[in-house]
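If you're matching positions, the sequence shown starts at 1 in UniProt numbering and goes up one per residue.
Idealized CB from N, CA, C, for every residue including glycine.
Accompanying notes for the structure given below.
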Amino acid sequence: MSSEDKDALIQALLEKVSLLEQRISEDEMNNTTYYASRLARQSENDMNTVPQQSHPARFVKNL
1 MSSEDKDALI QALLEKVSLL EQRISEDEMN NTTYYASRLA RQSENDMNTV PQQSHPARFV
61 KNL
């Protein structure tokens with residue numbers, strides 16, 4: 001394999017890595033849920049409950 005072939009392969013792999021990182025970042029942004037602290041407070045009786053209100057990360061980011 002010549003050095004030009006290796007350079008082309010490296011460039012193609014770098015582009016794929018960049019695309020994958022972008023997709024992962026978008027997936028995390030769309031799927032991550034943040035809870036406001038007052039909504040996340042739980043009583044001792046309801047320790048395993050999740051707050052009924054939540055906002056997607058995109059909404060929180062825009063606040």
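Return helix, strand or coil for residue i, following the three-state DSSP convention.
i, result
"S3", "helix"
If you drop the 5 nearest sequence neighbours on each side, which residues of the same chain put their C-beta closer than 7 Å to that of residue i?
i, result
"M1", "none"
"R27", "Per the sequence shown, residue 27 should be read as Asp rather than Arg. There are no such residues."
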